[in-house]
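*Asks:* Below you will find the structure I want to go over with you.
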Amino acid sequence: MNRVHRKILFGTSALLLSLLIGPSALVAQDTRDPEAILAAKEWVTPPSEIAEAAMAPRYLNVTLSDVSPDKQWFIHEIGDGPVTMDRFSRPFDELGGLFIDYAANRHRNLSIRTNIGITVISAADGSEVQVDVPRGSRISNTTWSPDGSRLAFFVHTDETTHIYVADPESGDSRQVTRSPVLATLVTNFEWTADGEEVATVLVPSERSARPVLIGAPSGPQVKQTEDGENMLRTYASLMATPEDETLLEWHATGQLATSM
């Protein structure tokens with residue numbers, strides 16, 4: 003049992019943040035001529051009140067959302083701050099505007115925009131239950147079962163994504179997918195109507211190796227313009243070669259399955 007007895011107060015009370023900066027504070031900030039400040043092209047430190055507000059750890063805020071179907075619980079995914087460089091710099095494929103973390107078989111957003119834990123909050127008294135999450139992993143997509151008796155979520159490691167199901171009353175969780183999830187084009191999962199299984203897309207059991215793009219071009223890139231207005235593409239990472247098409251097909255081909 004992982005229940006925490008810290009209470010969350012309900013009602014109309016809210017946290018109010020007010021930045022009261024009088025004229026004297028503004029003058030004390032920097033008395034130089036504004037044009038001179040711009041011309042110097044130097045970093046100007048803001049007043050402490052503004053700096054503290056801008057750097058406040060907003061990821062620690064708790065929002066009571068994702069209420070369970072039976073109105074008994076709320077879900078709060080626990081964040082750990084801005085994206086770190088080790089996650090943001092993971093290599094990925096860019097194909098037709100789609101960004102894929104090919105090492106983990108998932109959309110890039112599922113590698114960088116994730117959280118580290120789940121808290122289930124009682125709607126009756128505000129008590130909390132910490133859901134068991136594998137150490138060192140990240141989570142996303144926490145979703146209630148149709149009757150609110152269980153919740154499912156993605157667990158992300160550096161190499162794979164799996165689905166876990168947890169009991170909101172105890173916090174106990176277990177992995178329900180045997181094969182890794184293929185979260186490239188389909189980046190979520192769905193409970194079946196009876197709440198007995200979770201439907202998702204898995205990495206095929208007999209999947210071939212990732213296609214290797216040709217390292218060197220076979221010839222020069224030639225572009226031709228015409229008189230008058232010429233259309234220029236404004237979309238990033240458009241697919242341009244047969245190799246791109248082959249790679250996208252490899253990323254998009256999965257196996258539909260249900261697990262529980």
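The sequence shown runs 3 to 262 under the working numbering.
Built from N, CA and C at the ideal position, the CB exists for glycine as well.
Since the model is a prediction, treat every value here as computed from it, not as a measurement.
I need the boundaries of the beta strand (DSSP E) containing D142, first residue and last residue.
*Replies:* Asp is not the amino acid found at residue 142; the sequence shown has Ser there. 140 to 146 is the extent of the beta strand (DSSP E) around S142.
*Asks:* Indicate whether A185 and F156 have their beta-carbon atoms separated by less than 9 Å.
*Replies:* yes
*Asks:* Under 9 Å between the Cβ atoms of V203 and G256?
*Replies:* yes
*Asks:* Identify, in the order they occur along the chain, each residue of the same chain with its Cβ nearer than 7 Å to the Cβ of E208, setting aside the five sequence neighbours on each side.
*Replies:* none
*Asks:* Under DSSP, the alpha helix (DSSP H) around F90 begins and ends at which residues?
*Replies:* 87 to 90
*Asks:* Consult DSSP for T243 and reduce its assignment to one of helix, strand or coil.
*Replies:* coil
*Asks:* Could you give the distance in angstroms between the alpha-carbon of P213 and the alpha-carbon of L100?
*Replies:* 17 Å
*Asks:* Let me confirm a value: I120 is counted as buried when at least 16 other C-beta atoms fall within 10 Å, else exposed. Which label applies?
*Replies:* With 16 or more Cβ atoms within 10 Å of its Cβ, I120 is classed as buried.
*Asks:* Between which residues of its own chain and D149 is the CB-CB distance below 7 Å, once the five residues before and five after are set aside?
*Replies:* P71, D72, G197
*Asks:* Run the CB neighbour count on I39, radius 10 Å, all protein chains shown included, and call it buried at 16 or more, exposed below.
*Replies:* The residue is exposed, with fewer than 16 neighbouring Cβ atoms inside 10 Å.
*Asks:* DSSP state of L112, grouped into three classes?
*Replies:* helix
*Asks:* Do V133 and S175 have their C-beta atoms closer together than 9 Å?
*Replies:* Cβ distance < 9 Å, so V133 and S175 count as in contact.
*Asks:* Around the Cβ of W75, are there at least 16 other Cβ atoms within 10 angstroms (buried) or fewer (exposed)?
*Replies:* buried
*Asks:* Check for me: the alpha helix (DSSP H) holding A56 runs from which residue to which?
*Replies:* 50 to 56
*Asks:* Which value, in whole angstroms, describes the spacing of the CA atoms of E96 and L112?
*Replies:* If you draw a straight line from the Cα of E96 to the Cα of L112, it comes to about 15 Å.
*Asks:* For W252, which of helix, strand or coil comes out of DSSP?
*Replies:* helix
*Asks:* Which residues mark the beginning and the end of the beta strand (DSSP E) in which E96 is found?
*Replies:* 95 to 97
*Asks:* R176 bridges to which residues according to DSSP?
*Replies:* V167
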